[in-house]
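Here it is, written out as C-alpha coordinates:
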(Lines of atoms letter the chains of each structure in order from A and count residues from 1; the text may use other names and numbers.)
(Lines give C-alpha, C1' and ligand atoms only; values in the text may rest on other atoms or scores of the structure.)
Protein backbone atom coordinates (compact mmCIF):
# COMPACT_ATOMS: atom_id res chain seq x y z
CA UNK A 1 0.00 0.00 0.00
CA UNK A 2 1.38 3.48 -0.83
CA UNK A 3 2.52 5.74 2.00
CA UNK A 4 1.15 9.21 2.67
CA UNK A 5 4.53 10.71 1.80
CA UNK A 6 4.33 9.03 -1.60
CA UNK A 7 0.89 10.61 -2.04
CA UNK A 8 2.46 14.00 -1.37
CA UNK A 9 5.23 13.60 -3.97
CA UNK A 10 5.85 16.48 -6.36
CA UNK A 11 4.98 16.51 -10.07
CA UNK A 12 7.37 16.85 -13.03
CA UNK A 13 7.71 20.17 -14.81
CA UNK A 14 5.88 19.27 -18.02
CA UNK A 15 2.16 20.03 -17.93
CA UNK A 16 1.02 16.60 -19.13
CA UNK A 17 3.23 14.79 -16.65
CA UNK A 18 2.11 17.20 -13.94
CA UNK A 19 -1.56 16.44 -14.56
CA UNK A 20 -0.94 12.68 -14.61
CA UNK A 21 1.07 12.90 -11.41
CA UNK A 22 -1.58 14.99 -9.66
CA UNK A 23 -4.31 12.55 -10.61
CA UNK A 24 -2.15 9.66 -9.41
CA UNK A 25 -1.67 11.44 -6.08
CA UNK A 26 -5.41 11.97 -5.81
CA UNK A 27 -6.07 8.30 -6.58
CA UNK A 28 -3.51 7.34 -3.95
CA UNK A 29 -5.27 9.40 -1.28
CA UNK A 30 -8.69 7.96 -2.18
CA UNK A 31 -7.31 4.41 -1.99
CA UNK A 32 -5.84 5.15 1.43
CA UNK A 33 -9.23 6.36 2.61
CA UNK A 34 -10.87 3.27 1.15
CA UNK A 35 -8.42 1.01 3.02
CA UNK A 36 -9.04 2.88 6.27
CA UNK A 37 -12.79 2.44 5.84
CA UNK A 38 -12.48 -1.28 5.06
CA UNK A 39 -10.57 -1.81 8.33
CA UNK A 40 -13.11 0.07 10.45
CA UNK A 41 -15.03 -2.32 12.69
CA UNK A 42 -18.39 -0.60 12.34
CA UNK A 43 -21.23 -0.03 9.95
CA UNK A 44 -21.49 3.46 8.48
CA UNK A 45 -24.69 5.47 8.52
CA UNK A 46 -25.90 7.22 5.39
CA UNK A 47 -24.80 10.54 6.94
CA UNK A 48 -21.27 9.23 7.50
CA UNK A 49 -21.09 7.89 3.95
CA UNK A 50 -22.17 11.31 2.62
CA UNK A 51 -19.46 12.93 4.73
CA UNK A 52 -16.80 10.59 3.32
CA UNK A 53 -17.96 11.31 -0.22
CA UNK A 54 -17.76 15.04 0.51
CA UNK A 55 -14.13 14.55 1.57
CA UNK A 56 -13.36 12.85 -1.74
CA UNK A 57 -15.27 15.50 -3.70
CA UNK A 58 -13.24 18.25 -2.01
CA UNK A 59 -9.95 16.66 -3.06
CA UNK A 60 -11.17 16.19 -6.62
CA UNK A 61 -12.32 19.82 -6.71
CA UNK A 62 -8.89 21.10 -5.66
CA UNK A 63 -7.16 19.06 -8.36
CA UNK A 64 -9.68 20.13 -11.01
CA UNK A 65 -9.30 23.82 -10.13
CA UNK A 66 -5.51 23.50 -10.33
CA UNK A 67 -5.74 22.10 -13.85
CA UNK A 68 -8.13 24.91 -14.80
CA UNK A 69 -5.66 27.46 -13.42
CA UNK A 70 -2.81 25.91 -15.39
CA UNK A 71 -4.83 26.15 -18.60
CA UNK A 72 -5.31 29.90 -18.11
CA UNK A 73 -1.69 30.92 -17.72
CA UNK A 74 1.34 30.85 -19.98
CA UNK A 75 3.86 28.09 -19.45
CA UNK A 76 6.24 28.93 -16.65
CA UNK A 77 4.07 31.60 -15.01
CA UNK A 78 2.81 29.28 -12.30
CA UNK A 79 -0.54 29.47 -10.53
CA UNK A 80 -2.07 32.50 -8.84
CA UNK A 81 -2.44 31.24 -5.27
CA UNK A 82 -5.24 33.62 -4.32
CA UNK A 83 -7.43 32.92 -7.34
CA UNK A 84 -6.83 29.19 -7.03
CA UNK A 85 -7.75 29.04 -3.34
CA UNK A 86 -10.79 31.24 -3.83
CA UNK A 87 -12.23 29.09 -6.62
CA UNK A 88 -11.56 25.74 -4.96
CA UNK A 89 -12.55 26.85 -1.43
CA UNK A 90 -15.81 28.43 -2.51
CA UNK A 91 -16.81 25.19 -4.19
CA UNK A 92 -15.78 23.10 -1.18
CA UNK A 93 -17.81 25.33 1.16
CA UNK A 94 -20.99 24.31 -0.69
CA UNK A 95 -20.51 20.56 -0.14
CA UNK A 96 -22.12 20.58 3.32
CA UNK A 97 -25.67 21.64 4.21
CA UNK A 98 -26.79 24.88 2.59
CA UNK A 99 -25.78 27.91 4.63
CA UNK A 100 -23.61 25.84 6.98
CA UNK A 101 -20.36 27.69 6.18
CA UNK A 102 -19.85 31.46 5.98
CA UNK A 103 -16.59 31.74 4.03
CA UNK A 104 -14.50 34.86 3.44
CA UNK A 105 -11.20 35.01 1.57
CA UNK A 106 -8.54 37.73 1.55
CA UNK A 107 -5.98 37.21 -1.19
CA UNK A 108 -5.05 40.82 -1.89
CA UNK A 109 -1.36 40.04 -1.26
CA UNK A 110 -1.21 36.78 -3.22
CA UNK A 111 0.70 36.21 -6.44
CA UNK A 112 2.03 33.26 -8.42
CA UNK A 113 3.61 30.10 -7.04
CA UNK A 114 4.74 26.77 -8.48
CA UNK A 115 1.86 24.44 -9.47
CA UNK A 116 3.04 21.60 -7.22
CA UNK A 117 3.16 24.02 -4.28
CA UNK A 118 -0.35 25.19 -5.13
CA UNK A 119 -1.65 21.62 -5.17
CA UNK A 120 -0.20 20.83 -1.75
CA UNK A 121 -1.48 24.10 -0.26
CA UNK A 122 -4.89 23.56 -1.84
CA UNK A 123 -5.26 20.02 -0.53
CA UNK A 124 -4.26 21.08 2.99
CA UNK A 125 -6.75 23.94 2.83
CA UNK A 126 -9.46 21.53 1.65
CA UNK A 127 -8.83 19.29 4.66
CA UNK A 128 -8.99 22.28 7.00
CA UNK A 129 -12.29 23.41 5.48
CA UNK A 130 -13.89 19.98 5.73
CA UNK A 131 -12.71 19.67 9.35
CA UNK A 132 -14.21 23.06 10.17
CA UNK A 133 -17.48 22.08 8.53
CA UNK A 134 -17.71 18.83 10.48
CA UNK A 135 -16.25 19.63 13.89
CA UNK A 136 -16.12 23.39 14.56
CA UNK A 137 -19.64 23.45 16.01
CA UNK A 138 -20.81 20.04 17.26
CA UNK A 139 -24.20 21.62 17.99
CA UNK A 140 -24.72 22.14 14.26
CA UNK A 141 -24.44 25.93 14.23
CA UNK A 142 -23.08 27.52 11.03
CA UNK A 143 -19.32 28.05 11.05
CA UNK A 144 -17.49 31.19 9.99
CA UNK A 145 -14.23 30.53 8.18
CA UNK A 146 -11.69 33.07 6.98
CA UNK A 147 -8.86 32.28 4.57
CA UNK A 148 -5.98 34.66 3.98
CA UNK A 149 -2.89 34.14 1.86
CA UNK A 150 0.17 36.05 0.73
CA UNK A 151 3.15 35.37 -1.49
CA UNK A 152 6.59 36.92 -1.89
CA UNK A 153 8.95 37.21 -4.84
CA UNK A 154 11.43 34.77 -3.30
CA UNK A 155 8.86 31.95 -3.61
CA UNK A 156 7.77 31.93 0.01
CA UNK A 157 4.09 32.05 0.89
CA UNK A 158 1.65 31.68 3.75
CA UNK A 159 -1.95 30.50 3.95
CA UNK A 160 -4.05 30.88 7.10
CA UNK A 161 -7.43 29.25 7.74
CA UNK A 162 -9.36 30.38 10.83
CA UNK A 163 -12.74 29.24 12.15
CA UNK A 164 -14.95 30.39 15.03
CA UNK A 165 -15.63 26.92 16.45
CA UNK A 166 -15.10 25.33 19.85
CA UNK A 167 -11.47 24.37 19.22
CA UNK A 168 -9.83 20.98 19.69
CA UNK A 169 -10.40 18.63 22.64
CA UNK A 170 -8.09 19.41 25.55
CA UNK A 171 -5.90 16.34 25.02
CA UNK A 172 -5.69 16.68 21.23
CA UNK A 173 -2.32 17.52 19.65
CA UNK A 174 -2.64 18.38 15.93
CA UNK A 175 1.09 17.73 15.46
CA UNK A 176 0.69 14.02 16.24
CA UNK A 177 -2.99 13.11 16.68
CA UNK A 178 -5.94 12.82 14.31
CA UNK A 179 -7.11 10.47 11.61
CA UNK A 180 -6.32 10.21 7.92
CA UNK A 181 -7.07 13.89 7.26
CA UNK A 182 -4.50 15.14 9.76
CA UNK A 183 -1.96 12.54 8.62
CA UNK A 184 -2.46 13.71 5.05
CA UNK A 185 -2.02 17.38 5.99
CA UNK A 186 1.22 16.64 7.81
CA UNK A 187 2.54 14.58 4.87
CA UNK A 188 1.61 17.29 2.36
CA UNK A 189 3.30 19.96 4.49
CA UNK A 190 6.40 17.78 4.74
CA UNK A 191 6.46 17.28 0.96
CA UNK A 192 6.14 21.03 0.58
CA UNK A 193 8.96 21.60 3.10
CA UNK A 194 6.54 23.90 4.89
CA UNK A 195 5.48 24.39 8.48
CA UNK A 196 1.91 23.56 9.51
CA UNK A 197 1.16 25.58 12.63
CA UNK A 198 -1.98 25.48 14.78
CA UNK A 199 -3.33 27.92 17.35
CA UNK A 200 -6.54 27.00 19.09
CA UNK A 201 -8.75 27.72 22.08
CA UNK A 202 -12.45 27.67 22.93
CA UNK A 203 -13.04 30.45 20.38
CA UNK A 204 -11.78 28.56 17.36
CA UNK A 205 -8.87 27.07 15.43
CA UNK A 206 -6.33 28.90 13.30
CA UNK A 207 -4.08 26.86 11.01
CA UNK A 208 -1.18 28.39 9.12
CA UNK A 209 0.77 26.89 6.21
CA UNK A 210 4.14 28.63 6.09
CA UNK A 211 6.39 27.90 3.12
CA UNK A 212 9.83 29.54 3.51
CA UNK A 213 12.00 30.84 0.71
CA UNK A 214 12.14 28.30 -2.12
CA UNK A 215 15.61 27.07 -3.02
CA UNK A 216 15.88 25.08 -6.24
CA UNK A 217 17.76 21.81 -5.89
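Numbering (my numbering), first residue to last: 280 to 496. Every residue gets a Cβ at the ideal spot worked out from N, C-alpha and C, and that includes glycine. All values reported here derive from a predicted model rather than from experimental measurement.
- Item | Close beta carbons around residue 495, own chain, < 7 Å, minus the five adjacent residues each side | Walking along the chain shown from the start, residue 495 turns up at place 216. Confidence at residue 495 is low in this model, with a pLDDT of 48, below 50, so its placement is unreliable and the value that follows should be read with caution. Around residue 495, the same chain offers no residue with a beta carbon nearer than 7 Å, after the five sequence neighbours per side are excluded.
- Query: What number of angstroms, rounded off, separates the C-alpha of residue 321 from the C-alpha of residue 471?
  - Reply: Here residue 321 refers to the residue found at position 42 of the chain shown. Here residue 471 refers to the residue found at position 192 of the chain shown. Taking the straight line joining both Cα atoms gives about 35 Å.
- Best match in 429, 467, 358 and 484 for proximity to residue 449 [C-alpha to C-alpha]: The count along the chain shown starts at 1 and reaches residue 449 at position 170. Ranking the options by Cα distance to residue 449, first place goes to 484.
- residue 393 versus residue 327: straight-line alpha-carbon distance, rounded: For the purposes of this step, residue 393 is taken as residue 114 along the chain shown, with counting starting at 1. For the purposes of this step, residue 327 is taken as residue 48 along the chain shown, with counting starting at 1. Rounded to the nearest whole angstrom, the C-alpha separation of residue 393 and residue 327 is 35 Å.
- Query: In three-state DSSP terms, what is residue 357?
  - Reply: In the chain shown, residue 357 corresponds to position 78, counting from 1. Three-state result, residue 357: coil.
- Task: Would you identify the three-state DSSP class for residue 387, choosing helix, strand or coil?
- Result: Taking the first residue of the chain shown as 1, we reach residue 387 at position 108. Note: residue 387 maps to strand in three-state DSSP.
- Closer than 7 Å: residue 305 CB and nearest the ligand ATP heavy atom: As for the ligand ATP, it is missing from this structure, which has no ligand bound.
- Under a three-way DSSP split, which group does residue 425 fall into? Mapped onto the chain shown, residue 425 falls at position 146. Reduced to three states, the DSSP call for residue 425 is strand.
- Shortest alpha-carbon distance to residue 398 belongs to which of 324, 451, 344 and 491? Here residue 398 is taken as the residue at index 119 of the chain shown, counted from 1. Comparing Cα positions, the closest option is 344.
- Message: Let me confirm a value: residue 340 is counted as buried when at least 16 other C-beta atoms fall within 10 Å, else exposed. Which label applies?
- Response: Against the chain shown, residue 340 aligns to sequence position 61. Under this definition residue 340 is a buried residue.
- Of the listed residues 324, 476 and 338, nearest to residue 303 (C-alpha basis): Numbered from its first residue, the chain shown carries residue 303 at position 24. Closest by alpha carbon: 338.
- Message: Tell me which residues share the same chain as residue 348 and place their Cβ nearer than 6 Å to its Cβ, disregarding the 5 neighbours each side in the sequence.
- Response: Mapped onto the chain shown, residue 348 falls at position 69. Closer than 6 Å at the Cβ level, and outside the excluded window around residue 348, lie 358 and 363.
- Given residue 406, which residues of its chain have a CB within under 7 Å of its CB, disregarding the five upstream and five downstream residues? By one-based count along the chain shown, residue 406 stands at place 127. Closer than 7 Å at Cβ, skipping near neighbours: 460, 463 and 464.
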